[in-house]
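Asker: From first to last, the protein sequence lines are chains A and B.
Residues in the first sequence are numbered consecutively from 862, following my numbering.
Residues in the second sequence are numbered consecutively from 1346, following my numbering.
Even for Gly, the Cβ is constructed at its ideal location relative to N, Cα and C.
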Amino acid sequence: MTTEILARAQFAFTIMFHYIYPPLSIGLGVSLVIMEGIWLKTGNPLFHNMARFWTRIFALTFAIGVATGIVMEFEFGTNWATYSRFVGDIFGSALAAEGIFAFFLESGFLALLLFGWNKVGPRLHFFATCMVCLGAHFSAVWIVVANSWMQTPAGYHLETMVDGKPQILPPGHAVTEADLGSVRAVIDNFWAMVLNPSSVERLTHVILGCWMAGAFLVVSISAYYLLRGRHLDFARASLKVGLAFATVATILQVVSGSISADGVTRNQPVKLAAMEGVFETRDYTPMTLFGWVDTDAQSTSGPKIPGLLSFLAHKDFKTPVTGLNDLPSDQFLRNRYPNASPAELAEVRPSYWPKVNAVFQAYHLMIIIGTSLLGIVVIAAFFWWRGWLWRTHWLPTRVLLIVLVFAVLGPQIANQAGWFTAELGRQPWIVYELLKTSQALSKVVTANEVLASLVLFALVYLLLFALFVYTLTRKIHHGPDSEEESEELPDSWKAILRADDGRSRIL
Amino acid sequence: MDLNLIWFVLVGILFTGYAILDGFDLGVGALHLFVKKDEDRRMLLNSIGPVWDGNEVWLVTGGGALFAAFPEAYATVFSGFYLPFMVLLVSLIFRAVAIEFRSKEEWKWWRQMWDVAFAVGSVLSAFLIGVAMGNIVRGIPLDADHEFAGSVLDLLNPYSVVMGVTTVLLFAMHGAIYIVMKTEGELQAKIRSWVPTLIGLFLAAYFVFNIYTFIDVTRIIDLVRERWWIFIVATAGILIILNIPREFARGREFNAFLSSCAGMAFMMMTFGLSYFPYMVYSDPHPENSLTIINAASTSKTLGIMLIIACLGIPVVLAYTLSIYYIFRGKTKLSSHSY
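(1) Given this structure, state the Cα-to-Cα distance separating residue 912 of chain A from residue 1102 of chain A, to the nearest angstrom.
(2) Is DSSP giving residue 1049 of chain A helix, strand or coil here?
(3) Report the residues of the segment 949–963 of chain A with a CB closer than 9 Å to any CB of chain B, ordered along the chain.
(4) Does any C-beta atom of chain B lie closer than 8 Å to the C-beta of residue 931 of chain A?
(5) If distances are taken between C-alpha atoms only, which option among B:1592, B:1446 and B:1411 comes closest to residue 1332 of chain A?
(6) Determine the DSSP secondary structure at residue 1059 of chain A, reduced to helix, strand or coil.
(7) Tell me which residue opens and which closes the alpha helix (DSSP H) that residue 1445 of chain B is part of.
(8) Mind the definition here: the segment 1181–1197 of chain A touches the segment 1129–1146 of chain A only if three or more C-beta pairs lie below 8 Å; say whether that holds.
(9) Ordered along the chain, which non-local residues of its own chain (more than five positions away) have a Cβ less than 7 Å from that of residue 1297 of chain A?
(10) Using a beta-carbon distance cut-off of less than 8 Å, what residues from the segment 1629–1652 of chain B approach chain A?
(11) On the DSSP bridge assignment, give the partners of residue 1627 of chain B in chain order.
(12) Determine, using beta carbons only, whether residue 1464 of chain B comes closer than 8 Å to chain A.
(13) May I ask which residues mark the beginning and end of the alpha helix (DSSP H) holding residue 1224 of chain A?
(14) Please report how far the alpha carbon of residue 1576 of chain B lies from the alpha carbon of residue 1585 of chain B, in whole angstroms.
(15) With 16 other CB atoms within 10 Å as the buried threshold, where does residue 1680 of chain B fall?
(16) Residue ranges of each alpha helix (DSSP H) run of no fewer than 4 residues wholly in the segment 1465–1524 of chain B, ordered along the chain?
(17) Provide the residue span of the alpha helix (DSSP H) that contains residue 1137 of chain A, from first to last.
(18) Using Cβ-Cβ distances below 9 Å, what residues of the segment 1430–1454 of chain B are close to chain A?
(19) From the DSSP output, which residues share a beta bridge with residue 1296 of chain A?
(20) Can you list, in chain order, the residues of its chain with a C-beta nearer than 7 Å to that of residue 1440 of chain B? Leave out the 5 residues immediately preceding and following it.
(21) Under 8 Å, Cβ to Cβ, is there at least one residue of chain B near residue 1344 of chain A?
(22) If we ignore side chains and look at the alpha-carbon of each, how far apart do residue 1299 of chain A and residue 1314 of chain A end up?
(23) Per DSSP, which one or two residues make a beta bridge with residue 1028 of chain A?
(24) From residue 1106 of chain A to residue 1074 of chain A, what does the alpha carbon distance come to, in whole angstroms?
(25) At a cut of 8 Å, does the segment 910–929 of chain A reach the segment 881–901 of chain A through at least three beta carbon pairs?
(26) Please classify residue 941 of chain A: does DSSP put it in a helix, a strand, or coil?
(27) Could you tell me the distance, in whole angstroms, from the CA atom of residue 991 of chain A to the CA atom of residue 890 of chain A?
(28) Quick one: grab the DSSP three-state call for residue 1258 of chain A.
(29) Helix or strand or just coil, what does DSSP make of residue 1097 of chain A?
(30) Using 7 Å as the cut-off, classify the Cβ of residue 1400 of chain B as near or not near the heavy atoms of the ligand FMN, replying yes or no.
(31) Identify which residue in A:1087, A:1003, A:947 and A:1131 has its Cα closest to the Cα of residue 1210 of chain A.
(32) Kindly indicate which three-state DSSP category residue 1635 of chain B falls into: helix, strand or coil?
(33) Quick one: Cα of residue 1202 of chain A to Cα of residue 1192 of chain A, how far?
(34) Can you have a look at residue 1036 of chain A and say buried or exposed, based on whether 16 or more other CB atoms are within 10 angstroms of its CB?
(35) Using 8 Å as the limit for Cβ to Cβ distance, is residue 1390 of chain B near chain A?
(36) Could you spell out where the beta strand (DSSP E) holding residue 1155 of chain A opens and where it closes?
In structure tokens:
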């Protein structure tokens, strides 16, 4: 049990830390393609300058992404060896495809992107930028495919070895402890595995989340320069690119989010019920806007809108959303406990639920932040349209710019919360309704060993994070090259809130 | 059977590619602290600057291919070598971020700190890779479920430690030859003067390792009887390494580097030919060993993976070669440099 908790904590910690960086690389990658594309088309040196500056930021996020990414691949084998044996036939191919199609592409052309400005012509350099961006997206494709297969397994069957010969197990076979080591999931149909029921919608959702992360970073740094009155031409042009990109990504994300929620409703009803804190199956199922779930009392507090969840799930206010008390189904439980009475089934049912409040909170955090970001981009786009965005001495504009500076945290937190919802909501399964997380551990790795490595990673990653923030701040302060005079930076937010020439003050 | 053999070879090629390519990066790291001037250290970092990241991908892809083609071997080795692999990961992280952060500040203590991180990270990575290889060659105890049945201390046996040291020396030699190819002037002359010593040290360690193999690896006698022709491959590897000083004498730095690469490829081939058909040899209880048959995925997956490899590898090779071509010639420091 302790090993399980420690191994899960280590995986969660290392993936959370890793996941700060690839979304930034993916989103910044698209921004770089846009900026360099505009430069190539218009020949405006401002955009060349932009591409070079944002490439430096990109290089930093990419370096830490690579350094921490290799840990993830190792951990499947080091900490989850039983899982690796069980799913290697399927999961491994997605990972290997990621290496061959994505990582080589990214890292190869990264050399040209970073060091090739004077070595190759602008067109070839632009091509390299596109390839790095494409590679980063391919990487997302294969890893989300692999993860989606864990959410909605498809295109496989289970088999076991009997006298050295593989024997196919019937669909719905419940994997027991005794099966571990001999039973494995085996591929039937590669494309059914790749295009499993949730992969396309989840991939879209993940990529839009990455775009938002990158776009809001561009928006944030540009807004900071505008507030400070530094690199104004550069900041305006960057803000335009960033804000346009952020607006498109955020609006698409609302659509994608609703499609993903439909998918969860269809594919993983337990997860949906946990996300919304629904215990009883009732007509006109309400939606809780925010609140607290008490699993023991089977109640969810907080403001509710009657019928809204039914409507979102079924496009009909009356049809009930199945609650946790009916999930997983009697038939599913009966398959695992053939001789149990209905009372006993009810007893065992909660052990097939995730931690309901945790899933509920993670999901609602994501929704609240997503909605706020939508509000922010709509207001910012309106300011832009009215031409107010450039009146940097006007109080409302300054307030908006300050909000935009901090909005960079929004997609980061929402991305993490979204993954928490997806992964916690799948528990107790590591592969949905197929293999339990508790069955997936490495048998030979002890709790102390995992504790040691967890402490090691915690220390190293803390250092890395401090370095990242420090270097990013340095790069921001340094600003783009060949610009107006550099000036001393203010040492407090109070000073930043003041316009430089002192004509307008809000503090 | 054929697919299993193909994947044994392909996984071997990926790890050989990693050893050759990241081998010189790690070797440059191993020599880093022996170069004192700040500008020279920057030259070393920037000589591998554009390529180290792509080189490390060979390890990631090799690991992915091992996972996909031989999941049992992947799971057994990675969980069995838990702590050494965790230290390896941290070493690789320090190596990577040291390159990124070192030259970002002028402060002496800052650069000194990252120089040490870069060197220690590189040496430790090379050493642990060698120790892991040593254990695979020697055989590790496996139980009937193919789970590792030893302890961490078993992994640090003298034989594997010798292999670890040999690997560090091999990479250091390989890295020195790479630096000679990528630099000029005083720095080049200095490193060039180290190369004969490094070759000597490596060959001495390699000799000790081979002798030790005859003493420590129980199945070697049968193997020698059965596959005597492996000696031809092994000798070819040593002759190619000995060719390096000759190429230097004639001023052909690129050929010297190619010799070093080819020498490493022959050594890996020696290993592959002597190890086949095992993936992880179990000692004691050879009957618990993982082979290319019982460790493998289904032939369906191996077939799909082969299509992926056939689609991907030519493209990967084409642009990897193009990038090495674009960044050919002597390293120069510029405003984009590390």
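Answerer: Concretely, from the data shown:
(1) 11 Å
(2) coil
(3) 949, 950, 951, 952, 953, 954, 955, 956, 957, 958, 959, 960, 961 and 962
(4) yes
(5) B:1446
(6) coil
(7) 1427–1446
(8) yes
(9) 1289, 1290 and 1291
(10) 1642, 1643, 1645, 1646, 1649 and 1650
(11) B:1485
(12) no
(13) 1217–1247
(14) 14 Å
(15) exposed
(16) 1497–1500
(17) 1130–1137
(18) 1430, 1431, 1432, 1433, 1434, 1435, 1437, 1438, 1439, 1440, 1441, 1442, 1444, 1445, 1446, 1449 and 1450
(19) A:1292
(20) 1374, 1463, 1466, 1467 and 1470
(21) A caution first: residue 1344 of chain A carries a pLDDT of 44, below 50, which makes its placement in the model unreliable, though a value can still be read off. Output row for residue 1344 of chain A: interface = no.
(22) 19 Å
(23) A:1021
(24) 11 Å
(25) yes
(26) coil
(27) 8 Å
(28) helix
(29) helix
(30) With respect to the ligand FMN, the structure offers nothing, as it holds no ligand at all.
(31) A:1131
(32) strand
(33) 12 Å
(34) buried
(35) no
(36) 1153–1155
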